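Undergrad: Residue numbers (our numbering): 666 to 1341.
Note that CB positions come from ideal geometry on N, CA and C, so glycine has one too.
All values derive from a computational prediction rather than experimental measurement.
Quick one: the structure is below, and I'll ask about it shortly.
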């Protein structure tokens, strides 16, 4: 038997091959993650943050002092004299700061120191200009270094293409192998002034990473500058705030995590705080909306009078000094679509670590995503072979919704980043060609059905069959109750003995056409023509609850059509024809039967054979029709039946009742009733 339905016209193998090819391409893209896949993944993860942004906690001991536009207007353009920063440092610690970090680069000497100003005057002046020795002794860089001494202060260093790399203040030890190839690297560094480096208790990298779209999603917590591993600015602040001495970096080889053979970073420990990192040593940001979050303007801390009670937000907090001024070019795009000062991102890292609010993408997540892509691809391909586009479409919708929901729940409940995008795209990429192939197959099947059944069943039935061929045609066969009719012409040889072959064909076609019209008018399915005989049945392929009554009315239609044919034969001087009709009702096996190359929709079974036997008995009883007892149940009011006999038909041992049916007002009914 051929496959069901459209599979006979669009083999399932074609759909499977197409689906598996698409699946292989999608698995390759997901595994190797080219830039377009990475960008799509970023869009997905950004959408999670927009739906579930981090809620800022005002009680977290982290605060930002902002060198904002107002401070620059009041205190002059940046860079300010280092004496201002020295005063700011003194006042922050006087107000109770736990640790202070300057998220600004202090790489060049202060040009506002008296000695530097004197040199600038003398360079272009013809006069001998001098300043008092006491004034020349005032060096602003030294003043700032003195403010740093013996205090938990962190200054910034940035990666560069060249430049000497300062010696870190804190070492980095490893649990597992060194991840040298995984960590972000720079050939050199933009280093602070040596006197500031020497005086500060910590030095950390402030290189904020950004994707191809310019959005900052991660912060490197450890970078390589030349041959030196440098902790980040925030890691150093965290260390000093706890009074810790070093950092510990754990890699994939420490505890058996999966990394595909390469050494990757897993997490970092600073003092008592442990926080997860990406494989390249980056910390993933969970951004909080800027909103009305408070930052203390720098100018408010540099006034002439500064009572301690005026700045309670400083006490017992880690203080980051940075700038939101647009002219200082430290504004960063975030996953929320906002532009925020880089110092706010640094502060956000500290807030996340302190509150243990992390976003992680476990080492097993890429493998899980590949497995889900494979399973979904196989499922959608399987649904496409059902030849029901709606089933495959519904499956794709459900899978997509489930993937999106799973991603949201994993993000919101556990801070885990799961990317369903490639799974959803795989489902769609397989659905489109798979459903298209299925539709093409179904259309071919409909066309075949129409061409096969157009001459055997009414147009309305052809439409119903084409709409649901699997149910109507039962290609693997099904047992159902049907009413079967056999019609045979009498005196065919006598009528045609003087006709030419062409005339015989013409006569036979007219006869069969007339009989067929009478049958299809009552919804019959014409099974086959056997010479001058016709076989038809009801209640298949379409259910017809009144199939018995339809078959009985068809008897009268056929008799009327034969009477009309005899009128034409008589006019031509030809002998008249007669018919014998056998009808029986009962279970039979219905479906497409035959060889692979030639199929026929037909019925077989004992009740079909009995109908053929009943047709033969019409010659014995001299009637036009012989009808089995099951066919006259619930007779219509306009039809009457006369029992002819109880006979044992060939192949049976028990007698069956045999009837002849008439119109209720037919005179022949009264005559037959009197005889039988």
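1. Could you say which of 1072, 1179, 770, 1180 lies nearest to residue 822 if we only look at CA atoms?
2. Could you say if the stretch 1046-1056 and the stretch 678-696 meet the contact criterion of at least three C-beta pairs nearer than 8 Å?
3. Among all the DSSP beta bridges, which residues are the ones paired with residue 998?
4. Do you know how far the Cα of residue 1279 is from the Cα of residue 1323?
5. Have a look at residue 888 and residue 833 and give me their C-alpha separation to the nearest angstrom.
6. Which first and last residues belong to the beta strand (DSSP E) in which residue 930 is found?
7. Ordered along the chain, which non-local residues of its own chain (more than five positions away) have a Cβ less than 6 Å from that of residue 1288?
8. Please name the residue, chosen from 1055, 762, 1029, that lies closest to residue 1104 on a Cα-to-Cα basis.
9. Let me confirm a value: residue 1074 is counted as buried when at least 16 other C-beta atoms fall within 10 Å, else exposed. Which label applies?
10. Residue range of the beta strand (DSSP E) that residue 1249 falls in?
11. Along the chain, where does the alpha helix (DSSP H) that runs through residue 1203 open and close?
12. So for residue 686, helix, strand or coil by DSSP?
13. If we ignore side chains and look at the alpha-carbon of each, how far apart do residue 1042 and residue 1091 end up?
14. What do you get for residue 929, buried or exposed, if any count of 16 or more other CB atoms within 10 angstroms of its CB means buried?
15. Taking DSSP's pairing of strands, which residues face residue 762 in a bridge?
16. Helix, strand or coil: how does DSSP classify residue 1081 here?
17. Do residue 813 and residue 762 come within 8 Å of each other at the CB atom, strictly closer than that value?
18. How far does the beta strand (DSSP E) with residue 740 in it reach, from first residue to last?
19. Taking the straight line between their C-alpha atoms, what separation do you get for residue 1228 and residue 1102?
20. Going by DSSP, what residues sit across from residue 895 in a beta bridge?
21. Does residue 912 come out as helix, strand or coil in the three-state DSSP assignment?
22. Going by other Cβ atoms of all chains shown within 10 Å of its Cβ, with 16 needed for buried, is residue 943 buried or exposed?
23. Considering only their Cβ atoms, is the gap separating residue 1219 from residue 1154 smaller than 8 Å?
24. Please state the DSSP three-state secondary structure of residue 846.
25. On the criterion of 16 or more Cβ atoms from any shown chain inside 10 Å, does residue 1160 qualify as buried, or is it exposed?
26. Considering only the alpha carbon of each residue, which of 700, 713, 705 lies closest to residue 1072?
27. State the DSSP-derived secondary structure class of residue 1320, mapped to helix, strand or coil.
28. Using 10 angstroms around the beta-carbon of residue 915, count the other beta-carbons present and answer buried if the total reaches 16, otherwise exposed.
29. Mind checking residue 1318: buried by the 16 CB within 10 Å criterion, or exposed?
30. Give the DSSP-derived three-state secondary structure of residue 789 in the structure shown.
31. Would you kindly work out how many angstroms separate the C-alpha atoms of residue 1236 and residue 1257, rounded to a whole number?
32. Might you give, ordered along the chain, the residues of its own chain that have their beta carbon closer than 8 Å to the beta carbon of residue 1027, omitting 5 neighbours on each side?
TA: Let's see:
1. Out of 1072, 1179, 770, 1180, the CA that lies nearest to the CA of residue 822 is found in 770.
2. Between the stretch 1046-1056 and the stretch 678-696 there are three or more inter-stretch CB-CB distances shorter than 8 Å, so the stretches are counted as touching.
3. In the DSSP output, where bridge partners are listed per residue, residue 998 has 880, 1004.
4. When rounded, the distance between both Cα atoms is 8 Å.
5. 12 Å
6. 930-935
7. Excluding sequence neighbours, residue 1288 sits near 1325.
8. 1055
9. exposed
10. 1243-1259
11. Looking at the DSSP string, residue 1203 is not in any alpha helix (DSSP H); the run it does join, the beta strand (DSSP E), is 1198-1203.
12. helix
13. 6 Å
14. buried
15. Paired residue(s): none; residue 762 is not in a bridge.
16. strand
17. no
18. First-last for residue 740: 734-740, but that is the alpha helix (DSSP H), not the beta strand (DSSP E).
19. 51 Å
20. Under DSSP, residue 895 forms a beta bridge with 888.
21. strand
22. buried
23. Not closer than 8 Å, so no.
24. coil
25. Counting of Cβ neighbours within 10 angstroms places residue 1160 among the buried residues, the total reaching 16 or more.
26. 713
27. coil
28. So residue 915 counts as buried.
29. exposed
30. DSSP places residue 789 in helix when its eight states are reduced to three.
31. 43 Å
32. 1081
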